[in-house]
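**Student:** Structure below; questions to follow.
Number of protein chains: 2
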Amino acid sequence: MNMNVWLYAGLVGGALSILAALVNYRKVLQYDPGSERAQEIAGWIRAGASTYLKLLYKTLIALAIVFGLILAVVFAGVEKQNHGLLTAAAFAFGALCSALAGWLGMKVAVEANVRTAVACQDGVPQGFNVAFKAGSVMGLAMVGVAVFGMSLLYLIWKDVEIILGFSFGASLLALLAKAGGGIYTKTADIAADLVGKVEVGIPEDDPRNPAVIADNVGDNVGDVAGMGADIFDSYVAAVVASMLLGASFFASNTISFQYVLLPLLLCVIGIISTFIGLPFVRVGKDDKPGRALNFSTVFTCIVFAVLTTMFFIIVNLAAGDDPSKQLNWGALIATVAGLIIAVIIGFTTDYFTNDEHSPVRRVAEISSSGTGLTIITGFSYGLISIAPAVIGIVVAMIVAFFVSQAFGLPGIYGVGLAAVGMLSLTGIVVSNDAYGPIVDNAKGIAEMSGMSHDVVDRADTLDSAGNTAKAITKGFSISAAALTVLAMFAAYCEGIEAYSKKALTLDLLDPLVLAGVLLGCVIPALFSASLMLSVTKNAFTMIEEIRRQFKAEPGILKGTVLPDYTKCISIASSGALKALIGPAILAVICPLFVGFVLGPGALGGFLGGSIFTGVIFALLMSNSGGLWDNSKKYIEAGNFGGSGSEAHKAAVVGDTVGDPFKDTAGPSLNTLITVMSLVSTLFTPLIAVWHIFG
Amino acid sequence: MNMNVWLYAGLVGGALSILAALVNYRKVLQYDPGSERAQEIAGWIRAGASTYLKLLYKTLIALAIVFGLILAVVFAGVEKQNHGLLTAAAFAFGALCSALAGWLGMKVAVEANVRTAVACQDGVPQGFNVAFKAGSVMGLAMVGVAVFGMSLLYLIWKDVEIILGFSFGASLLALLAKAGGGIYTKTADIAADLVGKVEVGIPEDDPRNPAVIADNVGDNVGDVAGMGADIFDSYVAAVVASMLLGASFFASNTISFQYVLLPLLLCVIGIISTFIGLPFVRVGKDDKPGRALNFSTVFTCIVFAVLTTMFFIIVNLAAGDDPSKQLNWGALIATVAGLIIAVIIGFTTDYFTNDEHSPVRRVAEISSSGTGLTIITGFSYGLISIAPAVIGIVVAMIVAFFVSQAFGLPGIYGVGLAAVGMLSLTGIVVSNDAYGPIVDNAKGIAEMSGMSHDVVDRADTLDSAGNTAKAITKGFSISAAALTVLAMFAAYCEGIEAYSKKALTLDLLDPLVLAGVLLGCVIPALFSASLMLSVTKNAFTMIEEIRRQFKAEPGILKGTVLPDYTKCISIASSGALKALIGPAILAVICPLFVGFVLGPGALGGFLGGSIFTGVIFALLMSNSGGLWDNSKKYIEAGNFGGSGSEAHKAAVVGDTVGDPFKDTAGPSLNTLITVMSLVSTLFTPLIAVWHIFG
């Protein structure tokens, strides 16, 4: 089989996915946008989101130009022709692609929110339909743009290292989008709650609150654009890491050429599976929307496994007796192992964050004895929740490695495939995930525009399904990112060995490696702290602004005068972007510093260390945050005294603590470790040769 | 020089230290024990502490018999004669020694508390004098017993591996004492506060509270016996790790024999330095007691550096031109590097937990905007506080390694010496540390026995000095433990290589090693969670008991009937001991499981992983806990609204969260990683030969 066929399949698959996204986008626009009042509110959210995105993309363009220039200049000296310029171009292209998909996702989310609210007037299934269709725009666009972009770059330059630039661009954007969005959304959320609910006692999503629009914008920029960029980033990085490993083993004649492209082709199969899976996501009149979302994940998973197996059979039948054209069954097993374990990890996360199981209920129960116990217990369950996910990652890694090896493939290449297998679900996972903030917004709009109580309740049903789906997505995306960076980690080492022409061992008994690991372990802690302190600082500023408005214009609280929403929006936007500078520099400079000063071995250790604690903190924060949130909701549903009880007050504090845990720091750690791995891998040609120690 | 002289120096030094402890013990007993009322209260605390210690030691004896038998049987097959039996005996001896020192420390603490309160009637310096003298009993006994025990064992059997058994015994006791004491103290503390202060509104240390005696007992069992055992454990482990490394390099003819015993001799110099330093710890009429404690640390440190340098000069002059009898200057530099960095780390910890610096003040300030922000901000500063300590550990390791190597010593042996250097301050550090709970108790007794307001205030002054000293001690002991386990980690690898007769590389790219690291990273999280959940569970039980007593006998709250203190004491005691079983098994079984199943490489990785996250979580929890505690105290001192304000309420929650962080989970992690390292090293003869994978 001509390998170009695979690349064309990538182009076509990607293009079709983008097309499907656009079709769904149009369909969403055709739904009823509702009353003038509802449209007005949605318009504010839309405008706020645009303001932020414009600022974000401006920052990004500035950063991209700086990094692009640096890459172009620094790599000008590397042996291959035009390597610097091409890497820089691919970098810009990667950032652009990710931005494009994020922009489309946001665009549809801010149209779909109001339409979902309106559709809820007819019933839960109708509302679900609009929101999920809108979510799928993001999911489809994301995988489409990624696969199309990577296939195109490879088709033109036939060099995986160029695609590495693409991945780095996507990753850097993801870091900015996710961390910035995370800070934005929680700044607004916390400030709106603390002044609105606690100080002046107006309900959530009350239009008299000057921060209410910023809060709703936050859902979009944090959970749609941010989370989308984050998964885009892991998705591309997993494919690139596997392709790099494939190319490296192909160069050393260990494996044949098709393995370089296999990861891309698995993505195409993932797209096809998503096409097949999406129409099956339906909610009947009495069905639970949460179940529909989970079903979609599992169903797509099965479709993917079947299609991939069929693909392997067809290729091997077509290859006949030519072993260089056959595909190794070990590769199939590794891929499917990753896939299965991704689902298992997602569901164990569910155990810790779903109110049907004991951790959430136990935290709700103990809340009646004091806020301190709420925090300690939730935090402890968060610590425990790390274990199943890490064991899952270890099992996936060990199985993928040794099975591949047993079948004669390089073990680490199998680990890369397991990561690709995990992420093959990206289309459907992002669809599920983008659904969440849309229904959350819909609920807000329903409330603010004074729709009937029934409508708000239906939107709430949709919302709580979104929360569970979101928790599962996070467990899944952290694990996938972990496996991805482990593959990227190996790719880094392969790169160092290739350029330094020496074997690299990352022996923990080597003091430089150990120093690297210890320093690497600290980075995720500093990064999370920096993001969370930004949230509290910005929330503080916004709280003062809200108080100022209430004081300056008493008509606001009476409901006769509109508050100045834009002021809060601009505090959240500029605060978030300013807060990004430190973490972004941390992510890029630290690995380079360690690499050029302490040497490639220390940098390897550093990446390892950052992965270890990065994964642990990400799981801890995401899961404990989700648990606190759902404990609060469980109490609000009337348990242990219900809303207003002592238990509820304690649970609200738990939720406030959990907010920046689960929506700011936790999920941003993914992108942090990916960016650090990519920076290091990108700079292997230089670090391998120039360094002070080691 | 005959090496036996060094061993006799160890015996004599150790014995003198024990003697000095006993002398100070007698001196403490000679102080005025105060009024009948005060003595009665002190008697309750004393009885409660005895009850718990008896239970603890019973558990320990049971465990020691089980482990001793296992060791004796398992190691019966090892080539050396009687290895199993001797290891078992040394194990029991180690546990006994640590228990003895802890028992003496407790014994004097429960006598000194009331005498300190009485002495406070004369003034702050008088009170300080009693408390510090009592604290020094623990410090001197600890190092004395350790050095005497190790010297004796080596003198008889001339085999470091036997001392390894001693160290394991001390460590297992430390795990039980520290984790059990930590659970005990926080169970009582939280329960007493939540019902007493919050529900019925009686002050802290009010004799009407049924949990008040348990709370005061808790200070002794957690902070005296527990913390003492913890540092004893690191102290012995550091010496044993260095001796093992020395013995291993001596066996391969890399270094001469004196390096095997040098670590022991450094301890003797440490004892002498403590003798010199102790009399200088005095508080003038207007001096701050905190400054006196810090001064004592720095002063002893300088004395130790000077004495060690003199010792090196004398030995080298005496050795003349015989290089086999000279001491390498690299060893001196490594030792002093460890010492200096220990002090630096202690003081950076101080930055994050002292109310004279911005983190504590910032958390106090933000508390007025809501409890959620208190938690997030404190937790974030805790995350940041990890960085300086880890950088310190890395610098100490790198300097010790490369300087030793440059001078021709094996680098890793230098790292072991740096750990010994850090821990050479143990005598003074434990003295400072045991001072804390004694003055805390004194304050309680002063309050309960109705001494004048002035006396309580003076006791409070002493108490806050104890808090700062305690924070520094924790930063110091975590760092020292980290360096110790790094040396032990190397000793483990040397052991595996010696017994398997193959080189061991812990390459992070080896999937089994990586799997080990990832699994190891999870253990400290599970361990902390298990301890903290025990605290909340036991506190819950005790809260119910307190409520029951108040309800059954209304006379208690009126102050006419005494509550049943023993009930709360027995809930705390038995709850703590029951809760220990899980964590203790975790600590012993997990490394053996990984070693025998996944092999020695995976176990090496596992130890590494547990060290990485163990150190990180220990620093995070200890420092954020200390920070919250002092933020609360800062508000209570009249800032940001003072006691009773919204800020204060938020800070109280922060303190409740911080309690199990800093006094239960955080410091127990030290002993966890030491126990796991020791178990692994002890089992090297078996694991090197028998394992399924790897």
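Those protein sequence lines, which keep their order, are chains P and L.
Just add 4 to wherever you are in the first sequence, counting from 1, and you've got the numbering used here.
Just add 4 to wherever you are in the second sequence, counting from 1, and you've got the numbering used here.
Each residue gets a CB set at the ideal place from its N, CA and C atoms; glycine is no exception.
Among residues of its own chain, excluding the 5 on either side of G222 (chain L), which ones have a beta-carbon nearer than 8 Å to its beta-carbon?
**Tutor:** The residues are G185, Y188, T189, K190, T191, A192, D193, A576.
**Student:** Indicate whether the contact test is met: 3 or more Cβ pairs, each with one atom in the stretch 121-132 of chain P and one in the stretch 230-247 of chain P, closer than 8 Å.
**Tutor:** Contact between the stretch 121-132 of chain P and the stretch 230-247 of chain P is absent, because fewer than three Cβ pairs lie under 8 Å.
**Student:** Below 8 Å between beta carbons: does that hold for G440 (chain L) and G479 (chain L)?
**Tutor:** No, the Cβ-Cβ distance between G440 (chain L) and G479 (chain L) is not below 8 Å.
**Student:** Among L:G18, L:A218, L:A463, whose alpha-carbon lies nearest the alpha-carbon of A195 (chain L)?
**Tutor:** Answer by Cα proximity: L:A218.
**Student:** Run down chain P in chain order and give the residues with a C-beta less than 7 Å from the C-beta of A391 (chain L).
**Tutor:** The answer, in chain order, is V526, L530.
**Student:** Expressed to the nearest angstrom, what Euclidean distance is found between the alpha-carbon atoms of P267 (chain L) and I620 (chain P)?
**Tutor:** Cα to Cα, P267 (chain L) sits roughly 36 Å from I620 (chain P).
**Student:** Where do the ends of the alpha helix (DSSP H) carrying M455 (chain L) lie?
**Tutor:** That residue, M455 (chain L), is in no alpha helix (DSSP H); it is neither H nor E in DSSP.
**Student:** In this structure, what does DSSP give as the bridge partners for D511 (chain L)?
**Tutor:** P:D511, per the DSSP bridge assignment.
**Student:** Please report the distance separating the alpha-carbon of F405 (chain L) from that of W333 (chain L).
**Tutor:** In a straight line, the C-alpha of F405 (chain L) is about 13 Å away from that of W333 (chain L).
**Student:** Is D354 (chain P) buried or exposed, if buried means 16 or more other CB atoms sit within 10 Å of its CB?
**Tutor:** Buried is the call here.
**Student:** When the cut-off is 8 Å and only beta carbons count, does G374 (chain P) lie next to chain L?
**Tutor:** Yes, G374 (chain P) lies at the interface with chain L (some Cβ there is under 8 Å from its Cβ).
**Student:** Can you tell me which of the three DSSP states L297 (chain P) falls into?
**Tutor:** Correct three-state label for L297 (chain P): helix.
**Student:** Run through DSSP, which three-state label would F616 (chain L) get?
**Tutor:** Here F616 (chain L) sits in helix by DSSP.
**Student:** Just to confirm my understanding: we take V134 (chain P), look at its own chain, exclude 5 residues before and 5 after, and list those with CB closer than 7 Å. What are they?
**Tutor:** Excluding residues within five positions, the ones whose Cβ falls inside 7 Å are V32, Y35, A116, R119, T120, A123.
**Student:** By the three-class DSSP mapping on this structure, what secondary structure does H695 (chain P) have?
**Tutor:** Reduced to three states, the DSSP call for H695 (chain P) is coil.
**Student:** Can you grab the Cα-Cα spacing for the pair I317 (chain P) / V398 (chain L), in whole Å?
**Tutor:** Straight-line Cα distance between these residues: approximately 53 Å.
**Student:** Within its chain, find whatever has a CB closer than 7 Å to the CB of R212 (chain L); leave out the 5 residues flanking it on each side and keep chain order.
**Tutor:** Excluding positions up to five away in sequence, the list reads I206, I560, L561, G563, P567.
**Student:** Name, please, each residue of chain P whose Cβ falls closer than 8 Å to the Cβ of P664 (chain L).
**Tutor:** Within chain P, the residues near P664 (chain L) are I380.
**Student:** Please work out which residues of its chain come closer than 7 Å, Cβ to Cβ, to K137 (chain P), disregarding the five sequence neighbours upstream and downstream, and give them in chain order.
**Tutor:** Within the same chain, K137 (chain P) has close Cβ partners N28, K31, V32.
**Student:** Check the Cβ-Cβ distances between L607 (chain P) and every residue of chain L, and say whether any is below 8 Å.
**Tutor:** With 8 Å as the cut-off, L607 (chain P) does not count as an interface residue toward chain L.
**Student:** Could you check where the alpha helix (DSSP H) with E650 (chain P) kicks off and where it finishes?
**Tutor:** It spans 650-664 - the alpha helix (DSSP H) in which E650 (chain P) sits, taken as one unbroken run.
**Student:** Excluding five sequence neighbours on each side, which residues of the same chain lie with their C-beta closer than 8 Å to the C-beta of F299 (chain L)?
**Tutor:** Cβ neighbours of F299 (chain L) beyond the five flanking positions: F284, V285.
**Student:** Leaving out five residues before and five after N674 (chain P) in sequence, what residues of the same chain have Cβ atoms less than 7 Å from its Cβ?
**Tutor:** Excluding sequence neighbours, N674 (chain P) sits near D234, S238, S481, I482, A485, A622.
**Student:** If you measure between the beta carbons of V424 (chain P) and L270 (chain P), is that distance less than 8 Å?
**Tutor:** The answer is yes: Cβ separation under 8 Å.
**Student:** Sort P:A150, P:L60, P:G294 by Cα distance to L180 (chain P) and report the nearest one.
**Tutor:** Nearest option by C-alpha distance: P:L60.
**Student:** When the Cα of S384 (chain P) is compared with those of L:V319, L:I370, L:V539, L:L311, which residue comes out closest?
**Tutor:** Ranking L:V319, L:I370, L:V539, L:L311 by Cα distance to S384 (chain P) puts L:V539 first.
**Student:** With a cut-off of 8 Å, does the C-beta of C572 (chain P) fall near any C-beta of chain L?
**Tutor:** By this cut-off, C572 (chain P) is not an interface position.
**Student:** V419 (chain L) and A491 (chain L): beta carbons closer than 8 Å?
**Tutor:** Yes, the Cβ-Cβ distance between V419 (chain L) and A491 (chain L) is below 8 Å.
**Student:** Helix, strand or coil for K201 (chain P)? Go by DSSP, reduced to three states.
**Tutor:** Helix, per DSSP.
**Student:** Is any beta-carbon of chain C found at less than 8 Å from that of V394 (chain P)?
**Tutor:** Checking the listed chains, one finds no chain C in this structure; the protein chains it contains are P and L.
**Student:** If you count every other CB in all the chains shown that lies within 10 Å of the CB of R50 (chain P), and 16 or more means buried, which is it?
**Tutor:** The residue is buried, with at least 16 neighbouring Cβ atoms inside 10 Å.
**Student:** In its own chain, which residues sit with a C-beta less than 6 Å from the C-beta of L108 (chain L), not counting the 5 before and 5 after it?
**Tutor:** Hits under 6 Å: A145.
**Student:** To be precise: take each residue of the stretch 587-615 of chain L, compare its Cβ to all Cβ atoms of chain P, and keep it if any distance is under 8 Å. Which residues remain?
**Tutor:** Taking 8 Å as the Cβ-Cβ cut-off against chain P, the residues of the stretch 587-615 of chain L that qualify are G608, G609, G612, G613.
**Student:** Exposed or buried, Y12 (chain P), counting other C-beta atoms within 10 Å across all chains shown (16 or more means buried)?
**Tutor:** So Y12 (chain P) ends up on the exposed side.
**Student:** What are the uninterrupted segments assigned as alpha helix (DSSP H) that are 4 or more residues long and contained completely in the stretch 208-252 of chain P, given in chain order?
**Tutor:** Counting whole runs of 4 or more residues, the stretch 208-252 of chain P contains the alpha helix (DSSP H) stretches 216-222.
**Student:** For the stretch 408-493 of chain L, which segments carrying the alpha helix (DSSP H) assignment without a break, of at least 4 residues, lie completely within its bounds, in sequence order?
**Tutor:** Runs found: 415-427, 430-452.
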